[in-house]
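Residues 841 to 1225 in the numbering used here are what the sequence shown lists, from first letter to last.
All C-beta atoms, glycine included, are put in the ideal place defined by N, C-alpha and C.
Reviewing the structure listed below.
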Amino acid sequence: MDRSTKKIYQENFAELSAAMRPEEAAIEADRCLYCYDAPCISACPTHIDIPRFIKQIASDNLKGSAKTILEANALGHSCARACPVEVLCEGACVYHDWQEKPIQIARLQRRATDWLHEEGISPFKPGPANGLRIAVVGAGPAGLACALYLRRLGYAVSLFEKRKLAGGLNTYGIAEYKMTQKISLDEIKRIFALGIDVNMGKEIGKDVGTEQLLRDFSAVFIGIGLGETHLLGIPGEDLRGVWDALSFIRYVKDRNLKPLGKSKATVVIGAGNTSIDAVTQSKRTGAAKVIMAYRRGPGEMGAYPFEYKLAQTDGAEFLWNSAPIRVLGKESVEGIEFLKTKLKGNSLSGIPNSKFIVKCDRVIKAVGQTKHFGLAKAFGLKLSA
(Lines of atoms letter the chains of each structure in order from A and count residues from 1; the text may use other names and numbers.)
(Lines give C-alpha, C1' and ligand atoms only; values in the text may rest on other atoms or scores of the structure.)
Protein backbone atom coordinates (compact mmCIF):
# COMPACT_ATOMS: atom_id res chain seq x y z
CA MET A 1 0.00 0.00 0.00
CA ASP A 2 1.48 3.37 -1.03
CA ARG A 3 1.86 6.28 1.38
CA SER A 4 -1.13 8.27 0.07
CA THR A 5 -3.47 5.26 0.33
CA LYS A 6 -2.24 4.54 3.85
CA LYS A 7 -2.98 8.14 4.81
CA ILE A 8 -6.54 7.87 3.43
CA TYR A 9 -7.26 4.84 5.61
CA GLN A 10 -5.67 6.35 8.71
CA GLU A 11 -7.63 9.59 8.38
CA ASN A 12 -10.98 8.42 6.98
CA PHE A 13 -11.57 4.83 8.06
CA ALA A 14 -11.31 4.86 11.83
CA GLU A 15 -13.88 2.57 13.45
CA LEU A 16 -17.24 4.19 14.14
CA SER A 17 -17.33 2.78 17.65
CA ALA A 18 -14.27 2.40 19.88
CA ALA A 19 -13.54 -0.62 22.04
CA MET A 20 -14.65 -0.37 25.67
CA ARG A 21 -12.08 -0.04 28.41
CA PRO A 22 -12.44 -2.70 31.15
CA GLU A 23 -13.74 -0.22 33.71
CA GLU A 24 -16.15 1.28 31.16
CA ALA A 25 -17.52 -2.18 30.36
CA ALA A 26 -17.98 -2.96 34.05
CA ILE A 27 -19.97 0.23 34.63
CA GLU A 28 -22.13 -0.32 31.54
CA ALA A 29 -22.79 -3.96 32.44
CA ASP A 30 -24.02 -2.86 35.87
CA ARG A 31 -26.66 -0.69 34.18
CA CYS A 32 -28.38 -3.76 32.73
CA LEU A 33 -31.64 -4.70 34.44
CA TYR A 34 -31.25 -8.38 33.46
CA CYS A 35 -34.88 -8.53 32.33
CA TYR A 36 -36.65 -11.85 32.88
CA ASP A 37 -38.44 -11.82 29.51
CA ALA A 38 -35.79 -9.69 27.83
CA PRO A 39 -36.96 -7.93 24.64
CA CYS A 40 -33.36 -7.65 23.48
CA ILE A 41 -33.18 -11.45 23.14
CA SER A 42 -36.34 -11.54 21.02
CA ALA A 43 -34.97 -8.72 18.85
CA CYS A 44 -31.69 -10.55 18.20
CA PRO A 45 -31.93 -12.69 15.03
CA THR A 46 -29.68 -15.32 16.66
CA HIS A 47 -31.36 -15.04 20.10
CA ILE A 48 -28.18 -14.52 22.10
CA ASP A 49 -28.89 -14.61 25.84
CA ILE A 50 -27.91 -10.97 26.19
CA PRO A 51 -28.67 -10.46 29.91
CA ARG A 52 -26.60 -13.53 30.70
CA PHE A 53 -23.50 -12.47 28.76
CA ILE A 54 -23.72 -8.96 30.24
CA LYS A 55 -24.03 -10.41 33.76
CA GLN A 56 -20.93 -12.50 33.06
CA ILE A 57 -19.04 -9.35 32.05
CA ALA A 58 -20.19 -7.67 35.26
CA SER A 59 -18.73 -10.60 37.23
CA ASP A 60 -15.48 -10.42 35.20
CA ASN A 61 -16.13 -13.77 33.49
CA LEU A 62 -15.15 -12.71 29.98
CA LYS A 63 -14.52 -16.25 28.75
CA GLY A 64 -17.98 -17.33 29.87
CA SER A 65 -19.50 -14.21 28.33
CA ALA A 66 -17.84 -14.87 24.97
CA LYS A 67 -18.95 -18.51 25.07
CA THR A 68 -22.56 -17.46 25.73
CA ILE A 69 -22.40 -15.18 22.70
CA LEU A 70 -20.76 -17.72 20.39
CA GLU A 71 -23.05 -20.57 21.45
CA ALA A 72 -25.87 -18.66 19.76
CA ASN A 73 -23.94 -16.79 17.08
CA ALA A 74 -20.83 -18.36 15.58
CA LEU A 75 -19.87 -14.98 14.13
CA GLY A 76 -20.54 -12.95 17.26
CA HIS A 77 -17.14 -11.24 16.98
CA SER A 78 -18.04 -9.72 13.61
CA CYS A 79 -21.64 -9.03 14.55
CA ALA A 80 -20.53 -6.94 17.53
CA ARG A 81 -19.32 -4.44 14.93
CA ALA A 82 -21.53 -5.00 11.90
CA CYS A 83 -25.04 -5.66 13.28
CA PRO A 84 -27.58 -2.81 12.96
CA VAL A 85 -28.21 -2.95 16.71
CA GLU A 86 -30.10 0.34 16.62
CA VAL A 87 -33.05 -1.51 15.08
CA LEU A 88 -32.41 -4.87 16.79
CA CYS A 89 -31.32 -5.55 20.38
CA GLU A 90 -30.45 -2.00 21.44
CA GLY A 91 -33.56 -0.70 19.73
CA ALA A 92 -35.65 -3.04 21.91
CA CYS A 93 -33.97 -2.13 25.21
CA VAL A 94 -36.48 -1.24 27.94
CA TYR A 95 -34.52 1.90 28.79
CA HIS A 96 -36.16 3.52 25.74
CA ASP A 97 -39.46 3.42 27.67
CA TRP A 98 -37.96 5.83 30.20
CA GLN A 99 -36.28 8.02 27.56
CA GLU A 100 -32.89 6.83 28.72
CA LYS A 101 -29.90 5.63 26.73
CA PRO A 102 -30.14 1.89 25.94
CA ILE A 103 -27.53 -0.57 27.13
CA GLN A 104 -24.56 -0.55 24.72
CA ILE A 105 -25.01 -4.21 23.87
CA ALA A 106 -22.81 -4.27 20.78
CA ARG A 107 -19.84 -2.69 22.53
CA LEU A 108 -20.21 -5.07 25.48
CA GLN A 109 -20.37 -8.00 23.07
CA ARG A 110 -17.23 -6.71 21.42
CA ARG A 111 -15.53 -6.42 24.81
CA ALA A 112 -16.06 -10.14 25.46
CA THR A 113 -15.17 -11.44 22.00
CA ASP A 114 -12.18 -9.10 21.62
CA TRP A 115 -10.80 -10.45 24.88
CA LEU A 116 -11.24 -14.02 23.67
CA HIS A 117 -9.32 -13.33 20.46
CA GLU A 118 -6.58 -11.38 22.23
CA GLU A 119 -6.07 -14.27 24.65
CA GLY A 120 -6.05 -16.80 21.79
CA ILE A 121 -8.69 -18.92 23.48
CA SER A 122 -11.10 -21.22 21.65
CA PRO A 123 -14.28 -21.78 23.68
CA PHE A 124 -15.24 -24.90 21.72
CA LYS A 125 -13.77 -28.29 20.85
CA PRO A 126 -14.72 -30.78 18.13
CA GLY A 127 -17.25 -33.33 19.26
CA PRO A 128 -16.55 -37.09 19.28
CA ALA A 129 -16.23 -38.31 15.69
CA ASN A 130 -19.48 -39.84 14.42
CA GLY A 131 -18.08 -41.17 11.14
CA LEU A 132 -20.15 -38.88 8.89
CA ARG A 133 -18.73 -36.40 6.36
CA ILE A 134 -20.49 -33.18 5.37
CA ALA A 135 -19.60 -30.89 2.45
CA VAL A 136 -20.25 -27.19 2.99
CA VAL A 137 -20.39 -25.15 -0.21
CA GLY A 138 -19.61 -21.48 0.36
CA ALA A 139 -17.45 -19.97 3.11
CA GLY A 140 -19.64 -16.97 3.84
CA PRO A 141 -21.40 -16.42 7.18
CA ALA A 142 -23.90 -19.26 6.67
CA GLY A 143 -21.27 -21.78 5.58
CA LEU A 144 -18.88 -20.85 8.38
CA ALA A 145 -21.57 -21.09 11.05
CA CYS A 146 -22.73 -24.44 9.66
CA ALA A 147 -19.16 -25.79 9.61
CA LEU A 148 -18.54 -24.71 13.21
CA TYR A 149 -21.69 -26.28 14.63
CA LEU A 150 -21.20 -29.49 12.64
CA ARG A 151 -17.64 -29.90 13.98
CA ARG A 152 -18.91 -29.42 17.52
CA LEU A 153 -21.33 -32.28 16.87
CA GLY A 154 -18.54 -34.57 15.65
CA TYR A 155 -19.00 -34.41 11.88
CA ALA A 156 -16.02 -34.30 9.53
CA VAL A 157 -16.48 -31.11 7.50
CA SER A 158 -15.02 -30.15 4.12
CA LEU A 159 -15.54 -26.53 3.13
CA PHE A 160 -15.44 -25.40 -0.52
CA GLU A 161 -15.08 -21.74 -1.51
CA LYS A 162 -14.34 -20.30 -4.97
CA ARG A 163 -12.62 -17.14 -3.68
CA LYS A 164 -9.14 -16.99 -2.18
CA LEU A 165 -10.41 -15.71 1.18
CA ALA A 166 -13.28 -17.02 3.28
CA GLY A 167 -15.91 -14.85 4.93
CA GLY A 168 -18.18 -13.72 2.10
CA LEU A 169 -19.74 -10.35 2.90
CA ASN A 170 -17.96 -10.23 6.26
CA THR A 171 -14.62 -10.22 4.45
CA TYR A 172 -15.49 -8.42 1.22
CA GLY A 173 -18.70 -6.46 1.65
CA ILE A 174 -18.92 -4.60 4.98
CA ALA A 175 -17.77 -0.99 5.00
CA GLU A 176 -14.21 -0.71 6.27
CA TYR A 177 -15.08 1.82 8.96
CA LYS A 178 -17.61 -0.63 10.41
CA MET A 179 -15.32 -3.64 10.43
CA THR A 180 -11.85 -4.21 9.02
CA GLN A 181 -11.09 -7.26 6.93
CA LYS A 182 -8.68 -8.45 9.63
CA ILE A 183 -11.52 -8.89 12.14
CA SER A 184 -13.33 -11.25 9.77
CA LEU A 185 -10.19 -13.23 8.95
CA ASP A 186 -9.23 -13.60 12.63
CA GLU A 187 -12.70 -14.95 13.38
CA ILE A 188 -12.41 -17.41 10.51
CA LYS A 189 -9.06 -18.72 11.81
CA ARG A 190 -10.74 -19.58 15.12
CA ILE A 191 -13.43 -21.55 13.27
CA PHE A 192 -10.96 -23.35 10.99
CA ALA A 193 -8.86 -24.32 14.03
CA LEU A 194 -11.55 -26.87 14.95
CA GLY A 195 -10.20 -29.12 12.21
CA ILE A 196 -12.18 -28.18 9.12
CA ASP A 197 -10.89 -29.39 5.75
CA VAL A 198 -10.65 -26.09 3.86
CA ASN A 199 -10.66 -25.99 0.05
CA MET A 200 -10.20 -22.40 -1.15
CA GLY A 201 -10.26 -21.46 -4.83
CA LYS A 202 -12.53 -24.40 -5.61
CA GLU A 203 -15.68 -23.59 -7.57
CA ILE A 204 -18.39 -26.24 -7.50
CA GLY A 205 -19.40 -27.28 -11.00
CA LYS A 206 -16.04 -26.18 -12.38
CA ASP A 207 -13.24 -27.46 -10.14
CA VAL A 208 -15.34 -29.96 -8.19
CA GLY A 209 -18.42 -31.71 -9.59
CA THR A 210 -21.78 -31.83 -7.84
CA GLU A 211 -21.91 -35.58 -8.48
CA GLN A 212 -18.62 -36.03 -6.64
CA LEU A 213 -19.91 -34.21 -3.57
CA LEU A 214 -23.16 -36.15 -3.52
CA ARG A 215 -21.21 -39.40 -3.85
CA ASP A 216 -18.44 -38.71 -1.32
CA PHE A 217 -20.38 -37.00 1.47
CA SER A 218 -23.31 -37.91 3.69
CA ALA A 219 -24.89 -34.49 3.08
CA VAL A 220 -24.17 -31.21 1.30
CA PHE A 221 -24.96 -27.78 2.75
CA ILE A 222 -25.33 -25.01 0.15
CA GLY A 223 -24.53 -21.60 1.61
CA ILE A 224 -23.58 -19.54 -1.40
CA GLY A 225 -25.41 -16.29 -0.65
CA LEU A 226 -26.64 -13.92 -3.30
CA GLY A 227 -25.14 -13.25 -6.71
CA GLU A 228 -24.12 -10.20 -8.69
CA THR A 229 -25.72 -6.77 -8.55
CA HIS A 230 -28.83 -6.40 -10.71
CA LEU A 231 -28.40 -4.60 -14.01
CA LEU A 232 -30.02 -1.21 -14.41
CA GLY A 233 -31.07 -2.19 -17.91
CA ILE A 234 -30.28 1.21 -19.42
CA PRO A 235 -28.01 2.36 -22.28
CA GLY A 236 -24.42 3.14 -21.32
CA GLU A 237 -24.31 0.71 -18.43
CA ASP A 238 -21.19 -0.93 -19.88
CA LEU A 239 -19.14 2.29 -20.01
CA ARG A 240 -15.86 2.52 -18.13
CA GLY A 241 -16.53 4.05 -14.73
CA VAL A 242 -19.77 2.15 -14.05
CA TRP A 243 -19.34 -0.04 -10.99
CA ASP A 244 -21.52 -2.40 -9.04
CA ALA A 245 -21.48 -1.52 -5.35
CA LEU A 246 -20.11 -4.84 -4.09
CA SER A 247 -17.13 -4.76 -6.46
CA PHE A 248 -16.43 -1.16 -5.46
CA ILE A 249 -16.59 -2.00 -1.76
CA ARG A 250 -14.41 -5.09 -2.30
CA TYR A 251 -11.59 -2.95 -3.72
CA VAL A 252 -11.88 -0.62 -0.74
CA LYS A 253 -11.77 -3.62 1.63
CA ASP A 254 -8.67 -4.93 -0.14
CA ARG A 255 -7.13 -1.43 0.20
CA ASN A 256 -6.58 -1.41 -3.54
CA LEU A 257 -7.81 2.01 -4.64
CA LYS A 258 -5.87 2.35 -7.90
CA PRO A 259 -8.43 0.48 -10.09
CA LEU A 260 -11.17 2.78 -8.78
CA GLY A 261 -9.49 5.91 -10.13
CA LYS A 262 -10.13 9.39 -8.81
CA SER A 263 -13.60 10.87 -9.04
CA LYS A 264 -14.73 14.47 -9.15
CA ALA A 265 -18.39 13.44 -9.05
CA THR A 266 -19.89 10.03 -8.23
CA VAL A 267 -23.56 9.05 -8.52
CA VAL A 268 -24.77 6.06 -6.50
CA ILE A 269 -28.02 4.49 -7.74
CA GLY A 270 -30.21 3.03 -4.99
CA ALA A 271 -31.13 3.84 -1.40
CA GLY A 272 -30.47 0.71 0.65
CA ASN A 273 -27.77 0.12 3.24
CA THR A 274 -25.30 -1.01 0.57
CA SER A 275 -25.96 2.26 -1.26
CA ILE A 276 -25.01 4.14 1.90
CA ASP A 277 -21.81 2.11 2.20
CA ALA A 278 -20.94 2.99 -1.41
CA VAL A 279 -21.73 6.66 -0.80
CA THR A 280 -19.70 7.02 2.37
CA GLN A 281 -16.72 5.05 1.06
CA SER A 282 -16.71 7.09 -2.15
CA LYS A 283 -16.45 10.24 -0.05
CA ARG A 284 -13.82 8.76 2.22
CA THR A 285 -11.65 7.59 -0.67
CA GLY A 286 -11.52 11.06 -2.17
CA ALA A 287 -14.55 11.69 -4.41
CA ALA A 288 -15.12 15.45 -4.37
CA LYS A 289 -18.89 15.12 -4.79
CA VAL A 290 -21.17 12.14 -4.17
CA ILE A 291 -24.88 12.00 -4.99
CA MET A 292 -27.24 9.20 -3.97
CA ALA A 293 -30.11 8.93 -6.46
CA TYR A 294 -33.33 7.01 -5.81
CA ARG A 295 -36.42 6.60 -7.97
CA ARG A 296 -38.71 6.94 -4.95
CA GLY A 297 -38.87 9.37 -2.04
CA PRO A 298 -37.02 9.33 1.31
CA GLY A 299 -40.02 7.67 2.97
CA GLU A 300 -39.51 4.57 0.82
CA MET A 301 -35.75 4.43 1.36
CA GLY A 302 -34.50 0.99 2.40
CA ALA A 303 -31.51 2.25 4.39
CA TYR A 304 -31.74 2.52 8.15
CA PRO A 305 -32.14 6.07 9.50
CA PHE A 306 -28.77 5.99 11.28
CA GLU A 307 -27.07 4.94 8.02
CA TYR A 308 -28.77 7.81 6.18
CA LYS A 309 -27.58 10.21 8.87
CA LEU A 310 -24.02 8.93 8.42
CA ALA A 311 -24.15 9.68 4.68
CA GLN A 312 -25.45 13.17 5.44
CA THR A 313 -22.64 13.72 7.92
CA ASP A 314 -20.12 12.66 5.28
CA GLY A 315 -21.42 15.38 2.97
CA ALA A 316 -23.41 13.33 0.46
CA GLU A 317 -26.14 14.89 -1.67
CA PHE A 318 -29.48 13.23 -2.45
CA LEU A 319 -31.71 13.04 -5.51
CA TRP A 320 -35.20 11.76 -4.74
CA ASN A 321 -37.88 10.62 -7.19
CA SER A 322 -35.30 10.35 -9.95
CA ALA A 323 -35.04 7.24 -12.14
CA PRO A 324 -31.87 6.69 -14.24
CA ILE A 325 -32.63 6.25 -17.93
CA ARG A 326 -29.22 6.54 -19.61
CA VAL A 327 -25.52 6.67 -18.72
CA LEU A 328 -23.78 9.23 -20.91
CA GLY A 329 -20.30 9.10 -22.40
CA LYS A 330 -18.25 7.80 -25.32
CA GLU A 331 -15.83 5.36 -23.70
CA SER A 332 -16.12 6.35 -20.05
CA VAL A 333 -18.81 7.93 -17.89
CA GLU A 334 -19.47 11.62 -18.48
CA GLY A 335 -22.91 11.91 -16.90
CA ILE A 336 -26.22 10.22 -16.27
CA GLU A 337 -29.70 11.17 -17.43
CA PHE A 338 -32.69 10.93 -15.09
CA LEU A 339 -36.46 11.13 -15.35
CA LYS A 340 -38.42 12.59 -12.45
CA THR A 341 -41.00 10.20 -10.99
CA LYS A 342 -44.14 10.38 -8.91
CA LEU A 343 -45.73 7.82 -6.63
CA LYS A 344 -49.48 7.37 -6.56
CA GLY A 345 -50.50 4.65 -4.16
CA ASN A 346 -48.13 1.79 -4.93
CA SER A 347 -47.71 2.83 -8.55
CA LEU A 348 -44.56 4.65 -9.65
CA SER A 349 -44.60 6.51 -12.95
CA GLY A 350 -42.40 8.91 -14.85
CA ILE A 351 -43.31 12.58 -15.18
CA PRO A 352 -43.47 13.68 -18.85
CA ASN A 353 -40.89 16.23 -20.00
CA SER A 354 -38.91 16.02 -16.76
CA LYS A 355 -35.60 14.61 -17.98
CA PHE A 356 -32.41 16.12 -16.60
CA ILE A 357 -28.69 15.34 -16.67
CA VAL A 358 -26.21 15.09 -13.82
CA LYS A 359 -22.55 15.34 -14.83
CA CYS A 360 -20.35 12.72 -13.21
CA ASP A 361 -17.35 10.49 -13.91
CA ARG A 362 -18.40 7.47 -11.86
CA VAL A 363 -21.69 5.59 -11.44
CA ILE A 364 -22.15 2.94 -8.74
CA LYS A 365 -25.10 0.55 -8.95
CA ALA A 366 -26.56 -0.56 -5.62
CA VAL A 367 -29.94 -1.96 -6.63
CA GLY A 368 -29.99 -5.40 -5.03
CA GLN A 369 -28.49 -8.74 -6.04
CA THR A 370 -29.44 -11.68 -8.20
CA LYS A 371 -30.03 -15.21 -6.88
CA HIS A 372 -27.82 -18.25 -7.57
CA PHE A 373 -30.36 -20.60 -9.11
CA GLY A 374 -27.86 -22.50 -11.27
CA LEU A 375 -25.96 -24.30 -8.53
CA ALA A 376 -29.10 -25.30 -6.64
CA LYS A 377 -30.53 -26.78 -9.82
CA ALA A 378 -27.23 -28.57 -10.52
CA PHE A 379 -27.71 -30.41 -7.22
CA GLY A 380 -31.20 -31.42 -8.37
CA LEU A 381 -33.10 -29.17 -5.99
CA LYS A 382 -36.59 -28.02 -6.86
CA LEU A 383 -37.05 -24.29 -6.35
CA SER A 384 -40.25 -22.53 -5.38
CA ALA A 385 -39.17 -19.21 -6.94
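Alpha-carbon spacing of Ile1191 relative to Leu1009, whole angstroms: 38 Å
Rounded straight-line distance, which links the Cα of Leu1100 to that of Ala1143: 24 Å
4-residue-minimum alpha helix (DSSP H) runs that sit fully inside the stretch 1079-1152, ordered along the chain: 1085-1093, 1113-1124
Exposure label - Ser1240; buried when at least 16 CB within 10 Å: Since the displayed the chain opens at 841 and closes at 1225, residue 1240 lies outside it and no answer follows.
Candidates Glu1051, Arg991, Lys1205, Val1048: closest to Leu1079 by CA position: Lys1205
Neighbourhood of Gly1007 by C-beta distance below 6 Å, restricted to the same chain and skipping five residues each side: Ser1024, Ile1028
Leu902 in three-state terms, based on DSSP: helix
Beta strand (DSSP E) segment containing Asp1037, residue limits: 1037-1040
Straight-line gap, Leu993 to Lys1046 (C-alpha atoms, nearest Å): 30 Å
Any alpha helix (DSSP H) of 4 or more consecutive residues that is wholly inside the stretch 907-975: 916-922, 945-959
Residues that DSSP places opposite Ala1218 in a beta bridge: In DSSP, Ala1218 forms no bridge with anything.
Buried versus exposed call for Met1019 [16 or more other C-beta atoms within 10 Å across all chains shown]: buried
8 Å contact criterion, which Lys1104 and Ala1128 should meet: CB distance rounded: 5 Å
Glu1043, enclosing alpha helix (DSSP H) - first and last residue: Counting along the chain, Glu1043 falls outside any alpha helix (DSSP H), and DSSP gives it neither H nor E.
Nearest to Ser1087 (by Cα), restricted to the options Ile890, Gly1185, Ile1014, Leu928: Ile1014
Three or more C-beta pairs below 8 Å linking the stretch 964-976 and the stretch 932-945: no
Cβ-based neighbour list, Pro924, same chain, cut-off 7 Å, excluding 5 preceding and 5 following: Tyr1144
Proximity of His1212 and Ile1064 at Cβ, strictly below 8 Å: yes
Boundaries (first-last residue) of the beta strand (DSSP E) holding Ile1204: 1202-1205
For Arg1166, the first and last residue of its enclosing beta strand (DSSP E): 1162-1168
Nearest neighbour of Ala996, chosen from Gly978, Asp877, Cys933, Val1060 [CA to CA]: Val1060
Beta-carbon proximity of Ala914 to Ser962, cut-off 8 Å: no
Completely contained alpha helix (DSSP H) runs for the stretch 847-875, where each covers 4 or more residues: 862-871
Inter-residue spacing [alpha-carbon to alpha-carbon] between Ala922 and Asn1193: 43 Å
Spatial distance of Thr1210 from Val1092 (CA atoms): 22 Å
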